[in-house]
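Undergrad:
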Amino acid sequence: MSKLSENLRRLRTQKGVYLKELAPLLGVTVSNLSNYENGIYSPPLHALVKLADYYGVSVDYIIGHTDCPCPISAINRDIHGGYTVGRFRELLDRLPEKELPYLVHMLKMFELRAAASAKRS
38 MSKLSENLRR
48 LRTQKGVYLK
58 ELAPLLGVTV
68 SNLSNYENGI
78 YSPPLHALVK
88 LADYYGVSVD
98 YIIGHTDCPC
108 PISAINRDIH
118 GGYTVGRFRE
128 LLDRLPEKEL
138 PYLVHMLKMF
148 ELRAAASAKR
158 S
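What follows is the structure, encoded as structure tokens:
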């Protein structure tokens, strides 16, 4: 079984949806969905996009290209001052390896600060 078929089956069962409920929502047959989940056929691009939208994940996640289920809308989400999650990721990729421990330390400090603030509330 391919990563694609495993992910499709897992996403559907996690959502608690039956093939017969999902098929009309995506405009495909129950047989097609079953074939996708059993690795007999791969869904065409338009079906992958519909599946990703339905499950709220990226197409890359469905096909097994990434372990991050983040949908594109999350990657393009503005965090602050025009910086998106995707832009932060680009900056992180360009950060020199020796700087990463400092960044992780700073993030841990923010995480602890948020936890302390939540306890006070």
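Using this note's numbering, the letters of the sequence shown map in sequence onto residues 38 to 158. Every residue, glycine too, gets a C-beta built ideally from N, C-alpha and C. What you are looking at is a predicted structure, and each value in this text was computed from that prediction instead of being measured.
1. So if DSSP puts Tyr120 in a beta bridge, which residue, or which two residues, is it bridged to?
2. Within 8 Å, do at least three Cβ pairs link the stretch 103 to 122 to the stretch 69 to 84?
3. Which full runs of the alpha helix (DSSP H) of 4+ residues lie inside the stretch 60 to 94, going along the chain?
4. If you drop the 5 nearest sequence neighbours on each side, which residues of the same chain put their C-beta closer than 7 Å to that of Ser71?
5. Anyone know if the C-beta pair for Pro108 and Val86 falls short of 8 Å?
6. Go through its chain and collect everything with a Cβ distance to Asn32's Cβ below 7 Å, but skip five positions before and after it.
7. Hey, Gly118 and Lys40 are a contact pair by Cβ (cut 8 Å); roughly how many whole angstroms apart?
8. Out of curiosity, what's the CA-to-CA distance linking Gly53 and Pro61?
9. Beta carbon of Leu63, beta carbon of Tyr91: below 8 Å?
10. If you follow the alpha helix (DSSP H) that His142 is in, where does it begin and where does it stop?
TA: Quick answer:
1. His117
2. no
3. 67 to 74 and 82 to 92
4. Leu56
5. no
6. Coverage of the chain is limited to positions 38 through 158, which leaves residue 32 absent and any answer about it impossible.
7. No, Gly118 and Lys40 are not in contact; Cβ-Cβ is about 37 Å, not under 8 Å.
8. 16 Å
9. yes
10. Leu137 to Arg157
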